[in-house]
Each structure stands twice: as structure tokens, then as C-alpha cells.
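**Q** Below you'll find the structure I mean.
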Amino acid sequence: MSEPPNTIDELLDHAVQAINTGDRMTASALAEQVLTIDGDNQDAEDLLASPAVGGDVLRRMTILFADVVDSTALSTRIEPETYRTVIGRYRQQVNAVIDRYEGHVSSTKGDGLLAVFGHPKAHENDVRRAVQAGLDITRDVAALSERVRSRFGFDISVRVGVHRGLVYLDVAQDDVYGLGANLAARVASLAPPGCVVVSSAIAPLVTGHFELDAQAAQPVKGIAEPVEHYRVIEERIGRTRTPLRPLVGRDLELTHLQNAWNQAKQGRLTTPGVCFSGEAGMGKSRLATAAADLAEQAGRPALALIGSPFQAEAGLYPIRALLEQRCGIERTTAPAARMRLLEDELQSRGFEPAAAVPLLAPVLGIAAEHGYQPVQAEGTKLYQQIIEAIVGYLQACAGSGPAVVLAEDLQWFDASTLDVIAALLGANTGRLLVVLTARDAHPLRAVAAPIEVFDLAPLTPEETDQLIAALDPALSGDERAEVQHRCDGVPLYIEEVVAKFHEQPTDAAGWARAPDALYEPLFSRLRASDTTIQVVEAAATIGREFDRAILASVVEMTETGLDEAIQALAAARVFLPAAKDRWRFRHELLREVAYELPPPSVRRTLHGRAADAIVATSDNPDWHLVALHYEHAQRFDAAADAHRRAASDARLRGAINEARANLTRAIIQIERATPAPARDGCETNLRLERAFLTTAVNGPLYPEVSADLERCLQLANTSLREEDRSATLATLWAYYLTRGDLRRCLQLAKSSRLAGQSWFRSAYGTAALFGGDFNNARSALELVAGVLAATKIDYESVYYIPCDPITSVHTHLALTRFVQGDLAGAEDQLAATVRRVARLGFPQGPFSLGYQRFYQIWMAIETGQLDLATDIADESAVQVERHGFEYAAMLVAIQRATIRAMSALSVCGGHPGALQPHIDAMSRIVDKFGETEWNIFASFYHAVLARLLIAAGRMRPARERLAAALQAADDTGVNFYRAELFRLRAQTLDDADAREADLREATSTARSQGATIFELRAAVDHVELNGETATGTLQDAINRFPADSAWPELSRARALLR
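Here UniProt numbering is used: the first residue of the sequence shown is 1, the next is one more, and so on.
Structure (C-alpha cells):
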């Protein structure tokens, strides 16, 4: 059963509902109640006088009335045709403005237009829309007047009035009438020419958005009392500790805190961390406050990092909140001012701003363009430096003596902040006591540091009775027993129930109406006054802590009413001041109860308003928080966009996994949006970006990559923009290339959507390279290298592949020149990749360099420079670990295993025992490639394994491995190492004719491919098998090398001819 209406507004709203459902008796009774309280209430009088007309709807609405100044006199001075032209244009402009703000022109009488806002389409801000529309009308008509004066020689001006009140909507006739409509017209008559005036009903609702000038009340026709009104000047741009309950039943925990603090004062604290774990209401925050008291009573600092359920995955949110508080940064603070305040704070803490600002500014979302040089580091290295800078800042705030750092609600800390806590504990100075609270021990798994953990249990019956007596000694035995029964030893439950016990019904039936032990006392506290429910509903939607300005934007209430409600809630111990114009719920449970109060549709609206307000009042909003609000508002497109922006912020900090998680949430939201081409394009871009980051970390064959690309391919066949289709097909091409599916790569390269893209022409050369057509590969890549160099395209913004296309061209061109014996040309191309990479951002730059180094290692192995290969692999290992590239780290490990295997071949010869560990390692690598379909370079590793088996005298397994590699080459078209596979297979054969056949096949294959170095090897083996009869083939192979080639195997080949 709903509660009876209490306030005048509630009585009137119930009366409106009654009359709209045909219950005039109830409506009249409620109107009479209003008049008993407020004898001059015009809305109630209008209700009593309302006609009983079927089909009419009574609504509280915002009405705008616009009227041409002195229109009668004007019509007598000018020609009728001119008058009709000017007034017609005036009406067009007014209608256009009303339409722009989604109001509705309900009636036109002469040159006066009456518009309603809230019907037939309602908005949460119709009052503001109406006033803004009024300002636009006056501005547009002023511009029209200039044109009229230029053409016809006279001026035209308009008066606009806005009022909010009860009106009758005659839906059939599309008209409104009643006192509200009449008063809007009367208010308009009070406006000076070219101005907007609002009534006293409107002013309190828009004072936060518009600058108003109160005017002297004026009498108007038909209204008994003078009308209060306000002239709208312009749109407004922009916008200590309470007593604590006694600690009961926590002697062990308090003793530990006191002992730890004593050790900190002596600089001998060996276990710096203590965590209080337990369900909500167990007293974790109370113990944290006790720890802070120890520091503050000694005149030492106590820093607080507070988690938030709305920002549990927002990177470094608790750190950002502390920084903003200590720097004096507010939501509306401009970036330049933020920068200055941060520099001042860091200087006051003894930091050199030039060194510290680049590391801490990203935490506050301050871009480098506002006055600092970015750190010359990326990915994991940048991330680690930021963590170290934060720890240094916290230690500086703590000072040289003992201090306390509180980390409350660890369950709502993001992974990065948990890393800060771990680093802070790891850097134990012996003087810093870190007190953590969490609802369970799960977050502690991420904090591998010395911590003493206390799991807080409910109070015993004896302890509960002790706490009740301390809270209210006047309670009777029966009342204490009831509290014991209802609160189950949870300290917060006990505190709240006792605090409100005497305000509850004393009869058993009244007490039993509560659904559980805690809801009723918390809810009754929320109803501290008639107006507090809507305030706590809005505040709970915003979060545990909130700015008054944001709350004012979310809740529909006058400024005075809002302040009164906040003060009432503070007196009721619901709200606590957190900072200037900033409040927080005293307990999270209070917020949770308040959050449940509004129905789902209202809650969605509140979340939407909160998100809009956060975005509108900050140059650098917390996009993760904004996204969560839009999610709850079911504004899916906006939520997806906010998550995407949060991902961009995470990438700025080098946190790729966090960025991927944000993109995943964005995809979930956009999938729920209304089907449309724009929605499909948004999903495509989000999936391509996620696939891009996943490829950088986990490699292109990671299952999530293929799933994203398959979905993009589905969307590409529907209604995507051409650039979205091209991006999808290009990313798919790279995916198929890694799998070694060259046939499909060529199909995509020949696609009409990609064939004309200059930056994609390298696809033909790349496919030719791995397909074993080195001559065509070289010519195609050399041609496209020049084209790309002259093309001004920001590949980092349009190319969803971590490896930069220009870098790829140079790397692939280095491979073709290398295979054709042009070592100097290969080195030139490798140097070009290094120069290009230096200009790229993260992750494209480091990923592209890793790609180049992978093939550089292969080239070093092929030339027998195993020490060089080892050095490059070592450098690559450091790089990929720094950037968190798991896939690249795996490839480096494979290259290292290969280098070790080739070294064993040169050192151990054919000793089977020494080679067996390397055979086992390479077997695992080759088998893993088969499982993951990483085919593009698998044939080389098959060949390495075959070499090991041949050296160990195991010809049959070697032959089987080589046969499998040749079959895979036939299946995929990846034939760049085909000649070598035939050459090695010849070494496994006992029959001379069979060996001869394989060597001839190896030679002819290499020659047809333009693989000069492989042709030379096959020809050398041929001479060693057949002697002088094969020297002609060897001479031909030597002649195909560049004259100045430094290929190391040429000396041996030439020696065979002598």
C-alpha cells in the first residue's frame, strides 16, 4: 500500500492523477486539502473549477508564450502583404526553435504562439528546454529584425514568458487552457522587448542553469495578486568528524594497531600491513578510523585511499581522488590550472616537477599538451614508473616520521591501485603503517607483501549487550533482547537499530512489518524530512561520495530545498561532509538502501542525468564512472562511447589489459543498442580495436581475435561504411597471413575494397614472399615502399594491426634481399625499420620493432651468426617483457630455443645424447604450431628439427617431419622454405638416385623462386654427391649472387669449383 501524500506538491500530483482517471470526487477532496493549507493556491482552485470534459488530460507542464511587441500598432503602419510576410517569417523561426528543443506549439492566436514542453514528448529537463528556447527566440527574432529593417525600414521585437503549472490538454483539438496557460501569457506581457521572463514557479528550477534578475511583482489582468517574475539574463555556463560509536569486541585488533604504531614510531615496523576483513557492517572502517586516530593524536599524517563500487575498475581512481583533494583540484578546474596545482603540490613535497609531473599528470588525466614532456617509456616500463612515482608521493606526504595510510574497501580497488599498495608495502620504511579493509580476502591475492589479516566475526551476545548499553543505557531488557535477535552481532546493524529504536512502533505487529533487521531503521533515517527521499535516491545513484553540483543537476529541486534536504540528512547521520561542497553517505549500506527506493525507470533516468552532469561539468571526466552510469541508464550507445574513452585513457598509462577490458564492456553495450548502420560501424571499430590490442599482447591467433574478426566480417557484409569494411578486411588479411592461409590472403588483397588502397598494395608482395616467389615479392615491395613513403596517412588511426604497414614493407623487403644474397640491401632495409619505429607510438612502435627483430634473428641464424642472434634475442626479451607482449615473448623464447639447438649442432656434432634435449624442445615447438595453426614460419622450425634428427642419425623421423612440412606447404601455399625442405630430405635418403632427385628438385625450386641462397646450398650438396658433373649447376648458382655479395657460404662454394 502506498503512503498517503504529505506535501502540497504530492497532494496536487495525486489530484491530477485522480482527475485524469475520472475520479473527480477524490481530486476535489485533495484540492480542498491543499486550499486548507494554502488558501491562495491557484492550481488547487483551477482543479476545483475544472470542467468535466471527456478526453482532456490535466498535466503539470511548462508553458512558453511568445508575443510580438506592439503588433497591433505595427499592423496599422505597414502594408498587409508586408505584415503577413514578416509575421509569417517570425512564426517560422519560433516554430523552428520550439522544434529544436522538442517542444510543441499548441496554439497560435494572431502573432502570439503558445508552446508546451513535456507533451507529447516528455524530457527530464523540459523547464530548462523552455527557457533556453525563449532565449533562442529572442536572439533569432533580433536577427530577423535587422533583416526586416534593412529591407522594409522597421523593427520587430518579441516578448517571451515561461511558466509552469496545471493545464488542460485538449488532445483532440491540440489546444491547452486553464490558469497555467493564461498565466504564461500574462508573464510574457511583463517582459521588456527582446527579453524572456519566467514566473516564480520556474525560477527555482532553473537558477543553476540561467542567470536571473528578480523583478518587482507586477499586477496583471485576471490575477488577484501581483505576479512575481524574473528576467532571464543569460545561460549560466559552468556551474569535521562526527562522534563515533565505542569499539566493542575488537580488543585483539586494537592491541595489534597500538603495537604496530609503537613500532612505527621507533622505525622498527617489520610487518607494515594490517587488513581487517569481513562483511559489510562488521566495523572495518571503525578500526581504520582508530588507526588514523593514533596518527593524528600524535600529530602525524593519516592518508586515506577510498575505494568506490562505481569505480572498481577505473584505473588508479583512489589515487586520483587523493591527488585531487591534496592539490585542491575540482571537477571544473581547467587542465592548465590542474597542471599548476599539481606542480605546486609536488614542489611543496620536495619533488622536482619536471621529473614527477610527467608520471603523475596522466593519473589526473592531464595530457602532455598542457605543459610537460611525456616520459620516454611505454607499456610495462611506463606503468612501473608511474607506480613508483605514486609510492614516492605517498611516502613524501607521510614525511620522515611515523604515519598511517588507510586503504579502505579494497574490494573496490582496481588492479593498478592494488599494485600501488603492494609496492608501498614492499618499500617498507619501518615507519609507515598501512591499514587495509576488505569484505573478503580475495583482493589480498594481488598484494604479495607482509600483511597481518584479521577476519572480523560478529559480536558475541555478551559483546552485543555491551555495545547496546554503550549506545543507549536506557533500553530495557526486552528491547536489548530484540536488538540482539534482529542484529545478529553485526556492529553497524546494532548501531542503526538502537539509534532509531524509539522512533519505531512499540507494538509487536508494527515492529514485525520491517522486511529485515536493517532496512526499516535505515529507510526511516533516509526520510529525515518530506523532501529527502528524492535527494537520497539521486545521491545513491551518483555514488558513495558526490559533489553537490552534480546532485543539483540530477535531482529536480530548488537550490534552497536541496540545501535544506542535505542539512536534514546530515543531522540524521545519513550524509557526512567529505570536502567543500562534497558529501558522502555515512555507510555504504545506507546508500544501498537508498538506491533500491526508486522504480527501475526512475533509476535509469537518474543514472542518465548523473552521467550527463559529470560530462558537462568536467573537462576530464572519469569515463569509467560515466560509462557505468550510462549502462544503468540503458543508454547503450553513450555507454559504449564512454567505455571506449576509458580504454583510451588506460592505453595512455600503458595498461593494455585494462584497455581491453574496457573495450569488452563497450562491445557488450553496443550489442544492446538499436540496430542501425551507425551501431554496426561502432561495433566494428570497437572489435577491431580490441583485436588490435589482443594481437599485440596474445598474438593474432588468440581465440578472441578470430571471434572478433569473424563478427566484423559479418557486419562488413551488411551496411558498414567503406572505411570500416576496408579496416576489417585488412585486419583479416593479417590474421590469415599469420595462419599461413595465403590463398585467402590473395583473395582479400584482390578485393575491390582494398585493391585501390595505396597502403595495402604491399599485400601482394608479402603474399609472394611467403609463397616463395621472391622475384615478384621484391619488385612489388620495392614499388610500394616508394608509394608509402610519399603517402600522408596516419596509419596508427586507420590500421587496426599492431605491426605498422611501412615497417612491414621494409622488413619483408629485407627478407627478400637477404634470400637473394643481397646482405647490404637487407641491412639497409632493417635500418629503415628502426628509423620508422622511432616515430611510432605505443603499441605499434615496440610491436613493429619486435616483428623486425624476429626476422633479423632468423637471418642471423641462417648466416651462422649465432652470437649475434643471441644478442638480438636478449634485447627483444627485455623489450617484450617491458611492454607486456606475451605473444612476442613466446616467439622470442622459441627463437632462443632454436639458437641453442643450432649451437648444439655445431658443438656436439652427431652426439645423440647431447642433441636429445634440443630435439625434444623443437618437437614441442613444431607440435604447438600445428595445434595453433601458426603456419607462416612453421616450415623453418620443421627444418631445424630435421637437422637435429639427421645429426643424431635418426633419418626416418627426420624424413617424416620433412614430409609433413612439405605437405603443409602444399596445403597452405607457404613455400618460402620449400627448397630447403627438399635439400634436407635428400640427406635422409640412402638411395643415391632418390637423393639426386630431391637435390634436383631443391635446385630447380630455388631457381624458379629466385631464392639464391637456397639454390647455392642445393647446388653445393649436389656437387658433394656427384662431383664435377654438377659443377655447372653450382657455377650458375654463384653467378646469380650480386657481385659484391658477402654471403658467407660463397667461399666454400667457390672452393669446390677449384
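For every residue, glycine included, the Cβ atom is placed at its ideal position computed from N, Cα and C.
Here the structure is a predicted model, which is why all the values come from computation and not from measurement.
1) I'd like the ranges of any beta strand (DSSP E) spanning at least 3 consecutive residues and lying wholly in the stretch 60-98.
2) In chain order, what residues of the same chain lie with their CB nearer than 7 angstroms to the CB of K381, ignoring the 5 residues before and after it?
3) Mapping DSSP to helix, strand and coil, what is P243?
4) Report the residue from E81, P80, F692 and V116 whose alpha carbon sits nearest the alpha carbon of V94.
5) Should A1018 and A1006 be called a contact, given that it needs their Cβ atoms to be closer than 7 angstroms?
6) Closest to I451 by CA distance: which of A946, Q865, E545 and C275 is it?
7) Take the Cβ of N1039 as the centre, count every other Cβ of all protein chains shown within 10 Å, and call the residue buried at 16 or more, exposed below.
8) Check Q215 in the structure and name its three-state DSSP category.
9) Would you kindly report the start and end of the unbroken beta strand (DSSP E) that includes E235?
10) Which one of A659, K265, D547 and D804 has the shortest CA to CA distance from E330?
11) Would you list the residues sitting across from L950 in a DSSP beta bridge?
12) Within the 7 angstroms Cβ cut-off, does R954 reach chain B?
13) Measure the C-alpha to C-alpha separation of residue 1060 and L492 and round it to an integer number of angstroms.
14) Evaluate contact between the stretch 1048-1055 and the stretch 850-858, counting only Cβ atoms and requiring at least three cross-stretch pairs below 8 angstroms.
15) Between F937 and E980, is the Cβ-Cβ spacing less than 7 angstroms?
16) Give the C-beta separation of A396 and Q385 to the nearest angstrom, bearing in mind that I take them to be a contact with Cβ-Cβ under 8 angstroms.
17) Mind checking which residues open and close the beta strand (DSSP E) that includes R164?
18) How would you label S106, buried or exposed, when you count the other beta carbons within 10 angstroms and need 16 or more for buried?
19) Could you tell me the boundaries of the beta strand (DSSP E) in which E330 lies?
20) What number of angstroms, rounded off, separates the C-alpha of V434 from the C-alpha of Q132?
21) For A295 and V404, I'd like the C-alpha separation in whole angstroms.
22) Is it buried or exposed for E408, if we count other Cβ within 10 angstroms and need 16 for buried?
23) In the DSSP assignment, what residue or residues form a beta bridge with L962?
24) Going by Cα to Cα distance, which pick from Q534, D563 and A565 is closest to V554?
25) Quick one: grab the DSSP three-state call for I175.
26) What separation, rounded to the nearest whole angstrom, lies between the Cα atoms of L305 and A469?
27) Taking a contact to mean a Cβ-Cβ separation below 7 angstroms, would you say G112 touches D67 in this structure?
28) Expressed to the nearest angstrom, what Euclidean distance is found between the alpha-carbon atoms of H607 and G194?
29) Between A142 and D136, what straight-line distance do the alpha-carbon atoms span, to the nearest angstrom?
30) Taking the Cβ atom as the reference point for each residue, do H624 and A314 lie within a distance shorter than 7 angstroms?
31) According to DSSP, what are the bridge partners of S199?
32) For the alpha helix (DSSP H) containing S145, name the first residue and the last one.
33) Looking at the structure shown, is R584 part of a helix, part of a strand, or coil, going by DSSP?
34) Is it buried or exposed, K109, if we count other Cβ atoms within 10 angstroms and call 16 or more buried?
35) Looking at the secondary structure, which residues open and close the alpha helix (DSSP H) in which H104 lies?
36) Per DSSP, E545 is paired with what?
**A** With the structure as the only source:
1) none
2) R882
3) The predicted model places P243 with a pLDDT of 49, which falls under 50 and marks its position as unreliable; any figure quoted below should be read in that light. DSSP places P243 in coil when its eight states are reduced to three.
4) V116
5) yes
6) C275
7) exposed
8) strand
9) V227 to E235
10) Restricting attention to A659, K265, D547 and D804, the CA atom closest to the CA of E330 is found in D547.
11) Looking at the sequence itself, residue 950 is Ile, so the reference to Leu does not match. I950 pairs with nothing; no bridge assigned.
12) Absent from the structure is chain B; it holds one protein chain and no more.
13) Because the chain spans 1 through 1058 in this model, residue 1060 falls outside it and cannot be assessed.
14) no
15) No.
16) Contact doesn't hold; Cβ gap of about 16 angstroms is too wide.
17) V158 to D170
18) buried
19) Careful: E330 lies outside any beta strand (DSSP E) and carries neither H nor E.
20) 52 angstroms
21) 6 angstroms
22) buried
23) Looking at the DSSP assignment, L962 forms no beta bridge with any residue, so it has no partner.
24) Q534
25) Checking the displayed sequence, the identity of residue 175 turns out to be Asp instead of Ile. Looking at D175 - three-state DSSP - the assignment turns out to be strand.
26) L305 and A469 have their C-alpha atoms roughly 33 angstroms apart.
27) Less than 7 angstroms separates the beta-carbon of G112 from that of D67.
28) Distance between the alpha carbons of H607 and G194: 37 angstroms.
29) Cα-Cα distance, rounded: 10 angstroms.
30) For the 7 angstroms CB-CB criterion, H624 and A314 form a contact.
31) H229
32) D126 to F152
33) strand
34) exposed
35) Taken as a continuous stretch (DSSP letters only), H104 belongs to no alpha helix (DSSP H), being part of the beta strand (DSSP E) at H104 to K109.
36) DSSP lists R584 as partners of E545.
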